[in-house]
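Trainee: Heads up, the sequence shown is in the numbering used here, so the first residue is 27 and it goes up one at a time.
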Amino acid sequence: MPTLDTEKRLCGFEEVELGFTHDMAVREAQRCLKCHEKG
27 MPTLDTEKRL CGFEEVELGF THDMAVREAQ RCLKCHEKG
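Right under this line is the structure:
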């Protein structure tokens with residue numbers, strides 16, 4: 027999961043984990059939960 031740059035983490039109170047884009051979420055959902063292979 028994408029995260030906020032370290033410098034920005036130290037200067038404020040923004041969310042550290044930025045979340046997935048739609049495409050990233052689809053790719054993650056296509057992985058096998060046990061072996062991390064697509065399919």
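Idealized CB from N, CA, C, for every residue including glycine. Keep in mind it's a predicted model, so treat the numbers as computed, not measured.
According to DSSP, is E41 part of a helix, a strand, or is it coil?
Mentor: If DSSP states are grouped into helix, strand and coil, E41 belongs with coil.
Trainee: Identify whether T29 lies in helix, strand or coil by the three-state DSSP scheme.
Mentor: Here T29 sits in strand by DSSP.
Trainee: Tell me which residue opens and which closes the alpha helix (DSSP H) that R53 is part of.
Mentor: That run of the alpha helix (DSSP H) goes 48-55.
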